[in-house]
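Chemist: After the C-alpha cells below, expect a handful of questions from me.
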Amino acid sequence: MACFQGCNVCVTQVVEPERSRIKGLVTDCGGAFSGSLVQDATTHLAALEPAGAKYEAALEWNIAVVHPSWIDACVASGTCLAADD
C-alpha cells in the first residue's frame, strides 16, 4: 500500500512510542518522515493541538496540519485522505 506516496510528514507534540509508530506507518506506506518541518518539503504536519512553533510555521508556509489520527484513517482507507477529513 502506498497511501503516503509523495507525502513528507512531520509530527509535533507526539512522544514515543507513538512517534515511532507514526513514522513506521508513513514510511511503510510509501511516504517520508522527518523530525524537522521544512518549508517547500514537508507536506503534512501531524499535531495534537493547534499550538506551538511548528504549528505556527506550518500555517505560515501553507503546510497541511492534521491530527495524528489522520495517519491511521489514511492507512485504514488505503488512500491519502484530504487534510480536512
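In the numbering used here, the protein residues as written are 21 to 105. The beta-carbon is built from N, C-alpha and C at its ideal position, and this holds for glycine as well.
#1: Report all residues from its chain with a CB closer than 7 Å to the CB of T47; omit the five preceding and five following residues, and keep chain order.
#2: So what's C94 in DSSP terms, helix, strand or just coil?
#3: Taking Q33 as the reference, which of L57, A93, A102 and C23 has the closest Cα?
#4: Evaluate T99 with the Cβ neighbour count: other Cβ atoms within 10 Å of its Cβ, from every protein chain shown; 16 or more gives buried, anything less gives exposed.
#5: Short of 6 Å in beta carbon distance, which residues of its chain neighbour C94, apart from the five on each side in sequence? Order them along the chain.
#6: From the DSSP secondary-structure annotation, give me the bridge partner or partners of V86.
#7: From the DSSP output, which residues share a beta bridge with S54?
Modeler: This is what the structure holds:
#1: F53
#2: helix
#3: L57
#4: exposed
#5: C23, C100 and L101
#6: A66
#7: C30
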